[in-house]
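*Asks:* Residues 1 to 471 in UniProt numbering are what the sequence shown lists, from first letter to last. Even for Gly, the Cβ is constructed at its ideal location relative to N, Cα and C.
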Amino acid sequence: MKLTPVIMAGGSGTRLWPLSRSLFPKQFLALASNVSMLQQTVQRTAGLPSDDSILLCNDDHRFLVAEQLRALNYKGARIMLEPAGRNTAPAIALAAFDIVATKQDSLMMVMAADHVIDNQKAFEQSVINAIELAIQDKLVTFGIVPNAPETGYGYIKRGHELQNTAFDVNAFVEKPDLETAQAYIDSGEYYWNSGMFMFKASVYLASLKEFSPAIYAACEQAYNEKTEDLDFIRAGKEAFLNSPDDSIDYAIMERTTDAVVVPMDAGWSDLGSWSALWEIDKKDDNQNAVNGDVVLHNTSGSLVHATNRLVTTVGLDDVIIVETKDAVLVAAKDQVQDVKEIVNKLKAEGRCEFKHHREVYRPWGKYDSIDNGERYQVKRITVKPGAKLSVQMHHHRAEHWIVVSGTAKVTNGDKDILLTENQSTYIPVGVIHALENPGKVDLELIEVQSGSYLGEDDIVRFEDRYGRVGK
Numbered sequence: 001m002k003l004t005p006v007i008m009a010g011g012s013g014t015r016l017w018p019l020s021r022s023l024f025p026k027q028f029l030a031l032a033s034n035v036s037m038l039q040q041t042v043q044r045t046a047g048l049p050s051d052d053s054i055l056l057c058n059d060d061h062r063f064l065v066a067e068q069l070r071a072l073n074y075k076g077a078r079i080m081l082e083p084a085g086r087n088t089a090p091a092i093a094l095a096a097f098d099i100v101a102t103k104q105d106s107l108m109m110v111m112a113a114d115h116v117i118d119n120q121k122a123f124e125q126s127v128i129n130a131i132e133l134a135i136q137d138k139l140v141t142f143g144i145v146p147n148a149p150e151t152g153y154g155y156i157k158r159g160h161e162l163q164n165t166a167f168d169v170n171a172f173v174e175k176p177d178l179e180t181a182q183a184y185i186d187s188g189e190y191y192w193n194s195g196m197f198m199f200k201a202s203v204y205l206a207s208l209k210e211f212s213p214a215i216y217a218a219c220e221q222a223y224n225e226k227t228e229d230l231d232f233i234r235a236g237k238e239a240f241l242n243s244p245d246d247s248i249d250y251a252i253m254e255r256t257t258d259a260v261v262v263p264m265d266a267g268w269s270d271l272g273s274w275s276a277l278w279e280i281d282k283k284d285d286n287q288n289a290v291n292g293d294v295v296l297h298n299t300s301g302s303l304v305h306a307t308n309r310l311v312t313t314v315g316l317d318d319v320i321i322v323e324t325k326d327a328v329l330v331a332a333k334d335q336v337q338d339v340k341e342i343v344n345k346l347k348a349e350g351r352c353e354f355k356h357h358r359e360v361y362r363p364w365g366k367y368d369s370i371d372n373g374e375r376y377q378v379k380r381i382t383v384k385p386g387a388k389l390s391v392q393m394h395h396h397r398a399e400h401w402i403v404v405s406g407t408a409k410v411t412n413g414d415k416d417i418l419l420t421e422n423q424s425t426y427i428p429v430g431v432i433h434a435l436e437n438p439g440k441v442d443l444e445l446i447e448v449q450s451g452s453y454l455g456e457d458d459i460v461r462f463e464d465r466y467g468r469v470g471k
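(1) If we ignore side chains and look at the alpha-carbon of each, how far apart do Pro18 and Phe197 end up?
(2) May I ask which residues mark the beginning and end of the alpha helix (DSSP H) holding residue 474?
(3) In terms of alpha-carbon separation, which member of Ala327, Ser275 and Val311 lies closest to Ser302?
(4) Taking the alpha carbon of Leu29 as the reference point, which residue from His115, Arg86, Ile79 and Asp105 has its own alpha carbon closest?
(5) In or out: Lys138 buried (at least 16 other Cβ within 10 Å) or exposed?
(6) In chain order, what residues of the same chain lie with their CB nearer than 7 Å to the CB of Arg255, ignoring the 5 residues before and after it?
(7) By a C-beta neighbour count over all protein chains shown, 10 Å radius and 16 as the cutoff for buried, is Glu82 buried or exposed?
(8) Once DSSP output is grouped into helix, strand and coil, what is the label at Asn422?
(9) If you compare alpha carbons, which of Tyr191, Ala239, Asn298 and Asp245 is closest to Val260?
(10) Where does Ser33 sit, in a helix, a strand or coil, going by DSSP?
(11) Using the Cβ count rule (16 or more neighbours within 10 Å means buried), how would you classify Lys282?
(12) Determine the extent of the beta strand (DSSP E) in which Val319 is found, giving its start and end residues.
(13) Using CA coordinates, which residue listed in Met8, Gly10, Phe354 and Gln68 is at the minimum distance from Asn34?
(14) Entirely within the segment 212-243 and at least 3 residues each: give me those beta strand (DSSP E) ranges in chain order.
(15) Figure out for me which residue from Tyr223, Ala214, Thr420 and Trp278 has the closest Cα to the Cα of Ser243.
(16) For Ser20, which of Val448, Leu329 and Ile370 has the nearest alpha-carbon?
(17) Ignore the nearest five residues each way along the sequence and tell me which others in Leu316's own chain have a CB closer than 7 Å to its CB.
(18) What's the gap between the Cα of Tyr204 and the Cα of Ile185?
(19) Contact defined as beta carbons within less than 8 Å: I believe Ala89 pairs with Ala251. What is the distance between those atoms, to the nearest angstrom?
(20) With which residues is Ala434 paired in a DSSP beta bridge?
(21) Might you give, ordered along the chain, the residues of its own chain that have their beta carbon closer than 8 Å to the beta carbon of Lys26, omitting 5 neighbours on each side?
(22) State the Cα-Cα distance for the pair Lys471 and Glu444, rounded to the nearest angstrom.
(23) For Gly76, collect the residues of the same chain with a Cβ closer than 7 Å to its Cβ; drop the 5 residues on either side in sequence, then sort them by chain order.
(24) In terms of alpha-carbon separation, which member of Asn170, Thr227 and Asp105 lies closest to Phe199?
(25) Whose CA, out of Asn147, Phe172, Ser269 and Pro146, lies closest to the CA of Arg158?
(26) What distance in whole Å lies between the Cβ atoms of Leu48 and Ala9, which are believed to be in contact at a cut-off of 8 Å?
(27) Is it right to say Glu421 is buried, meaning 16 or more other beta carbons lie within 10 angstroms of its own, or is it exposed?
Below is the structure:
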C-alpha cells in the first residue's frame, strides 16, 4: 500500500518572534539547517516508501509554500488550502478525502512542517515499524523517547506491548508540571506527544465519522465544493467554517480503542521556543549559540541572533537576543514562553510587527520598506525573472520607480516602456499600471510612494497571474 506524506504547514508565528511572524511563521525559516524547516520536512520524506505529498496551509502562506517547493525542485506535491484554522482534525480530514478521491486509499504519514529531526535513519525505522500496524487498520501515533522532564509537551502513556516496536495507547495526558513530568520520565512508561501519525485514509475518515461526525460532515462538504487554481486546491470556505475546531487527539485518538504508539528516538524537537533552539544549536566554550554579526564579552549560556547589523553584549548570562530589521527581542532564557504575550500586545495595538517583516515576500519577488514618513514610503523592490506584478491602480498614492539593476517592462497608463539602470518613471494617482521583469536576472528598483494613504490595501487589481483579482 502506498504511503502519502501529509505535511501540515500552518502556524501563527508567535513563539519565535521577531524572526517568526504571522505571515512568515517558523516553518519557513532556516533555523537548524541551510534550508527552511518546511523544506527539511519535505526532504525527510525522500527515504520513505512514499508517493506524492499533500501539503496543508492557509491562503496567506500559499505562495511561500509553492516557492519553497520550487526552490527544492520538488514537483510531487498537492497544496491544499484551509479557508481558516480549524485545528488538526479537520485539516487531516481534507487530505484524507483527497486521497480517497484521487488514489482510492493510501497510508497517511502525517507530519508537522516545523519539527526538527536529527537522526534520519531512526526516523525512517520508526516509520517502517508503523506501516505494518497501519495496514492492520490501527491508528498509529509516534511517541518521542523523552530525555528530559519537559513541561511544554503533552505525553502519551503506553499500555500493553504489541511487539518490540509498538504499544497500545493507555492515555494521552496534557502538559504536566515539572514534578509530574519527572515522575513520567522515571516510570519509563511515557513518551512525548510528537503530533505525528500514520493510518489509512479510509480508516481515519471512518473513525472521524464515528467519533466526530460534525467534523466529518463539514469537511466532506468542503472537499466536495473545492476549487483549483494555479498550484492550489481550495476547500469550500463556508462548509469548512462550520467544522468544529478540534485536534486529532481530542476528535479521535483519545476516544478510539485502535490507537497504538510507536516509540521514536530520533533527536526530535518542535522548536517551540528560543530556549529550545538554544538547546539544539552549536555552542561556543561559554555555551553561547551565536548567529550573524555578533561580538560577545563576559557572556555565557545565551543565544544571540543578528540578522541585519552588529550585535554586542557585555556581562550577560542566560539571555536571548534576537535582532531583525524592524524589531529586537531581549529576554531571560527561562521566560521565553511569554514571548507570545509581546506578540499579543503588538496585535492589540495594531502594530504591523506582529504580522510581517520589513522585508515582505510576494509570489513575484519581494519588497523591503527601507524608509517611511507621514506621507511617503520608500521600498526596494525585487522582481524575479519572468515575473509580473498585477495590473493595478491606487486611489491615494503616486509612485516613482527608479531602476537599480536589470530591465523593467512598465505599463504606465496607455504607454508601455522599457527601463534599464538609472532610468525612471512617474505614476500619478489613479493611473493603471503594471511592472514586469522580461529579463533573465533579478530586477531591482527603488519605489518612492507619496500620498495621503500608503496602506497595502489601497490596491485595485484588474489582472493578476496569481489569482488575487477581487481580493
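*Replies:* In short, the structure shows the following:
(1) It is roughly 30 Å from the alpha-carbon of Pro18 to the alpha-carbon of Phe197.
(2) Because the chain in this structure spans residues 1 to 471, residue 474 falls outside the shown range and cannot be described.
(3) Measuring from the Cα of Ser302, the nearest candidate turns out to be Ser275.
(4) Between Leu29 and the set His115, Arg86, Ile79 and Asp105, the nearest pair of CA atoms involves His115.
(5) When all chains shown are included, Lys138 counts as buried.
(6) Closer than 7 Å at Cβ, skipping near neighbours: Phe211.
(7) Within a 10 Å sphere around the beta-carbon of Glu82 sit 16 or more other beta-carbons, which makes this residue buried.
(8) The answer is coil: DSSP assigns Asn422 none of H, G, I, E or B.
(9) Selected option, being the one with the closest Cα: Tyr191.
(10) Three-state result, Ser33: coil.
(11) With fewer than 16 Cβ atoms within 10 Å of its Cβ, Lys282 is classed as exposed.
(12) Val319 to Glu323 is the span of the beta strand (DSSP E), which, as asked, contains Val319.
(13) In terms of Cα proximity to Asn34, the closest of Met8, Gly10, Phe354 and Gln68 is Gln68.
(14) Segments of the beta strand (DSSP E) lying fully in the segment 212-243: 227-229 and 232-234.
(15) Comparing Cα positions, the closest option is Ala214.
(16) Distances from the CA of Ser20 to each of Val448, Leu329 and Ile370 were compared; the closest alpha carbon is that of Leu329.
(17) These residues qualify, in order along the chain: Thr299 and Ser302.
(18) Ile185 has its alpha-carbon roughly 31 Å from the corresponding atom of Tyr204.
(19) That belief holds up - the Cβ atoms of Ala89 and Ala251 are roughly 4 Å apart, short of 8 Å.
(20) Bridge partners of Ala434: Thr411.
(21) By the criterion of a C-beta distance shorter than 8 Å, Lys26 is surrounded in its chain by Gly11, Gly13, Arg15, Leu16, Leu19, Ser20, Met37, Asp114 and Leu271, once the five residues flanking it on both sides are discounted.
(22) Summary for Lys471: the model assigns pLDDT 46, below 50, so the residue's position carries little reliability; its value from the coordinates is reported in the next sentence. About 26 Å.
(23) Excluding positions up to five away in sequence, the list reads Asp52 and Ser53.
(24) In terms of Cα proximity to Phe199, the closest of Asn170, Thr227 and Asp105 is Asp105.
(25) Out of Asn147, Phe172, Ser269 and Pro146, Phe172 has the C-alpha closest to the C-alpha of Arg158.
(26) Actually they are not in contact, since the Cβ atoms of Ala9 and Leu48 sit about 18 Å apart, beyond 8 Å.
(27) In this structure Glu421 is exposed. Its beta-carbon is surrounded by fewer than 16 other beta-carbon atoms within 10 angstroms.
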